[in-house]
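Residue numbers (this note's numbering), protein chains in the order written: chain D, 1 to 234; chain E, 1001 to 1257. For each residue, glycine too, the CB sits at the ideal point set by N, CA and C.
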Amino acid sequence: MEKVNVKDKEIVVPGEVVAVGMSYLPGQGIYRKGDSLIASLLGLVRIEGKVIKILPVSGKYLPKRGDVIIGKVKDINFSGWSVQTNSAYPAMLSMKDGSSDFIRRGADLTRYFNIGDYLVTKIYNVTSQNLIDLTMKGPGLRKLEGGRILHVSPSKVPRIIGKQGSMVSMIKKAANCNVIVGQNGVVWIKGADPKDEILTVETILKIEKESHISGLTDRIKGFLESKGKKVTGE
Amino acid sequence: MSNEIRGHILNYLKNKVRYDGRKLEEYRKVSVETGVSKTAEGSAKVTIGETVVMAGVKFEVGEPYPDIPEEGTMMVNAELLPMSNPEFESGPPGIESIELARVVDRGIRESKAIDTKKLCIKAGELVWTVIIDLIPINHAGNLFDAFALAAMLAIKDAKFPEIKNKQIDYKKLTSKKLPLLVEPVSVTVIKIGDHLIVDPLLEEEKVLDARLTVATLPDGTICALQKGGSKPLSQEEIEKMIDLATEKAKELRKHLR
């Protein structure tokens, strides 16, 4: 017998049987066991046609191919850099993906990226063992100079970025700061005045805290205006 | 990069503002709760901003030290759980946890907060041992002050268990509290560049030049000092730091009630 046990946007817990039957497909956070689809995450169910998936309420970052993330250089070895990505899996940036320069054998790799540096980098492959391969080749991918780092829940990243980047560009303009949001929940902020940076941090933390309540954009707009900042455009 | 972060924090401090928007000499919001553990004879939870710590007091009986046959003893342990910060590792205690435990211990011991003579059951044979355990639930900076405050609150919360024939019945607590003489409060002042700040965040703790933990009594008596960090401190700086710590201790003392 085929049926769906949950409604759209309902909260489910791991182990809950979301649906029974072969006509539904498991999406993110759902696996199939025999006939039934079972949740593996705590989150909101989304039913999109035949596909059922879960938007997690919180959790660690799961690496996905094509994601632009902010990582921290953890170690340097013979073939490249080992990077911390805020996920449970190790990430490597190989020499050939790290720079378009020709790097001679035995060259000093710290000249490019040193231990402790933060990088905007892209995941170009995630292996079946969940090893992450990174690349620095692409628009906007670079080493970050100065600024400060903020950690947010990776599940809130889409809310911080907004539709087509509307939210983050609103904050950037209003607070006069440069902001880069990595898909792994690491945010980099740099502004000329510390007060601007603090306002940006406050705004982002407010989004993280209130993202589930509707009317988020207007509230953030109001918040920025209440701090005496001019908010323009959408 | 750590140099870069240091420069960034210094730039903030030059603008008289902290990483989280506080003033230089401003504490984060402090809240306290006592009696949080059912298994300990006394316990407390202290929250400073995002830092959360817990302290527990346990009683044991044992033989006194031969040089102080009429006095009970006191022990402080701190265990930095990996759960509270990714940088903490499980295993034998590291330098950090030993220092934390000893600084808290010294504050309580040297101020003579606990009347150890009243912990004697039979001179030379049986005395009470007070064991204070400290654990962080979340480490977001300033464990020193949080631990010291939690330890004092737990001591104030503690009640003696019943004792029969040298055996403690932990299930039955008496209404007798620990004999307290004074109540010390510790405040840590951090120096980064030329700036003195209190209640450091994790980021600030990582780049500090020097720190001074000052345990004081309500009348301003200094009971214990601990200096940390790699840079030296001048005499004026130490005086300034002690003044600042004494003033901030008044604020923290309100939470001791």
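With 8 Å as the threshold, decide whether the Cβ of residue i is near any Cβ in chain D.
i: E:His-1195; result: no
i: E:Glu-1070; result: no
i: E:Glu-1004; result: yes
Whose Cβ in chain D lies nearer than 8 Å to the Cβ of residue i?
i: E:His-1008; result: Gly-146, Gly-147, Arg-148
i: E:Glu-1089; result: The contacting residues do not exist; E:Glu-1089 stays about 16 Å from chain D at best.
Excluding the 5 residues flanking residue i on each side, which residues of the same chain have their C-beta closer than 6 Å to its C-beta?
i: E:Arg-1106; result: Ala-1224
i: D:Asp-117; result: Val-73, Lys-143
i: E:Lys-1045; result: Glu-1033, Val-1036, Met-1054
i: E:Ala-1078; result: Ser-1097, Leu-1100, Ala-1101, Leu-1134
i: D:Ser-178; result: It is worth fixing the name first, because residue 178 of chain D is Asn in this sequence and not Ser. Answer for D:Asn-178: Lys-190, listed in chain order.
i: D:Ile-115; result: Val-73
i: E:Lys-1227; result: Leu-1212
i: E:Arg-1028; result: Ile-1048, Gly-1049, Asp-1199
i: D:Lys-229; result: Ala-174
i: E:Tyr-1170; result: Pro-1161
i: E:Val-1076; result: Ala-1101, Val-1104, Asp-1105, Ile-1132
i: E:His-1064; result: Residue identity differs from the one stated: residue 1064 of chain E is Pro in this sequence, not His. Result list for E:Pro-1064: Val-1127, in chain order.
i: D:Asp-75; result: Ser-82
Note down, in chain order, each residue of its chain lying with its Cβ closer than 8 Å to the Cβ of residue i, except the 5 sequence neighbours on either side.
i: D:Met-22; result: Glu-2, Asp-35
i: E:Val-1207; result: Ser-1002, Ile-1005, Arg-1006, Ile-1009, Ile-1192
i: D:Glu-10; result: Leu-44, Val-45
i: E:Ile-1121; result: Val-1061, Val-1127, Trp-1128, Ile-1163
i: E:Lys-1016; result: Lys-1023, Leu-1024
i: D:Lys-60; result: Asn-86, Ser-87, Ala-88, Pro-154
i: E:Tyr-1012; result: Arg-1018, Tyr-1019
i: D:Asp-97; result: Gly-80, Tyr-124, Asp-133, Leu-134, Thr-135, Met-136, Lys-137
i: D:Ser-100; result: Lys-137
Once you ignore the five residues that flank residue i on each side, which residues in its own chain have a CB closer than 7 Å to its CB?
i: E:Ser-1031; result: Thr-1047
i: D:Glu-234; result: Per-residue confidence for D:Glu-234 stands at a pLDDT of 49, beneath the threshold of 50, marking its modelled position as unreliable; the derived number appears in the next sentence. Only Ser-166 meet the Cβ criterion.
i: D:Lys-227; result: Leu-199
i: D:Val-6; result: Val-12, Val-18, Val-45
i: D:Val-152; result: Ile-160, Gly-185, Val-187, Ile-204, Glu-208
i: E:Ala-1255; result: A small fix is needed here, since residue 1255 of chain E is His in this sequence, not Ala. Val-1030, Val-1032, Leu-1149, listed in sequence order.
i: E:Lys-1159; result: Glu-1041, Gly-1042, Leu-1173, Thr-1174, Ser-1175, Lys-1176, Lys-1177
i: E:Arg-1253; result: Val-1185, Pro-1218
i: D:Val-201; result: Leu-150, Ile-189
Quick check on residue i - is its C-beta less than 8 Å from some C-beta in chain E?
i: D:Pro-26; result: no
i: D:Thr-63; result: It should be noted that the sequence gives Pro, not Thr, for residue 63 of chain D. No, D:Pro-63 does not count as interfacial toward chain E.
i: D:Pro-194; result: yes
i: D:Glu-234; result: Caution applies to D:Glu-234, whose pLDDT of 49 falls short of 50 and renders its modelled position unreliable; the model cannot decide the point.
i: D:Asp-108; result: no
Tell me whether residue i counts as near the ligand SAH, meaning its Cβ is closer than 7 Å to at least one heavy atom of that ligand.
i: E:Glu-1025; result: No copy of the ligand SAH occurs in the structure displayed, which carries no ligand at all.
| request: Below 8 Å between beta carbons is the criterion; list the residues of the region 1010–1028 of chain E that meet it against any residue of chain D, in chain order. | output: From the region 1010–1028 of chain E, only Asn-1011, Tyr-1012, Asn-1015, Val-1017, Tyr-1019, Asp-1020, Gly-1021 have a Cβ closer than 8 Å to chain D.
| said: Pairs of beta-carbons, one from the region 1137–1150 of chain E and one from the region 1095–1106 of chain E, closer than 8 Å: are there three or more? | reply: The region 1137–1150 of chain E is in contact with the region 1095–1106 of chain E.
| message | Taking contact to mean 3 or more Cβ pairs, one atom from each stretch, closer than 8 Å, check whether the region 120–132 of chain D and the region 156–174 of chain D are in contact. | response | The region 120–132 of chain D is not in contact with the region 156–174 of chain D.
| request: Taking only beta carbons into account, state which residues of the region 198–215 of chain D come closer than 8 Å to chain E, listed in chain order. | output: Across the region 198–215 of chain D, CB contacts with chain E closer than 8 Å involve Ile-198, Val-201, Glu-202, in sequence order along the chain.
| task | Mind checking the region 1197–1211 of chain E against chain D and listing, in chain order, the residues whose C-beta falls within less than 7 Å of any C-beta there? | result | Flagged: no residues at all.
| Do the region 1024–1043 of chain E and the region 1083–1098 of chain E make contact, defined as three or more Cβ pairs closer than 8 Å? | No, they do not touch.
| Looking at C-beta atoms only, is the number of pairs between the region 1190–1210 of chain E and the region 1235–1244 of chain E that lie closer than 8 Å three or more? | They touch, by the three-pair rule.
| Are three or more beta carbon pairs between the region 1219–1234 of chain E and the region 1069–1077 of chain E nearer than 8 Å? | Cβ pair count under 8 Å is below three, so no.
| query | Do the region 209–217 of chain D and the region 86–99 of chain D make contact, defined as three or more Cβ pairs closer than 8 Å? | reply | Counting Cβ pairs under 8 Å, fewer than three are found: no touch.
| task | Give a yes or no on contact between the region 1108–1121 of chain E and the region 1173–1186 of chain E, applying the rule of three or more CB pairs nearer than 8 Å. | result | The answer is yes - the region 1173–1186 of chain E touches the region 1108–1121 of chain E, with three or more Cβ pairs under 8 Å.
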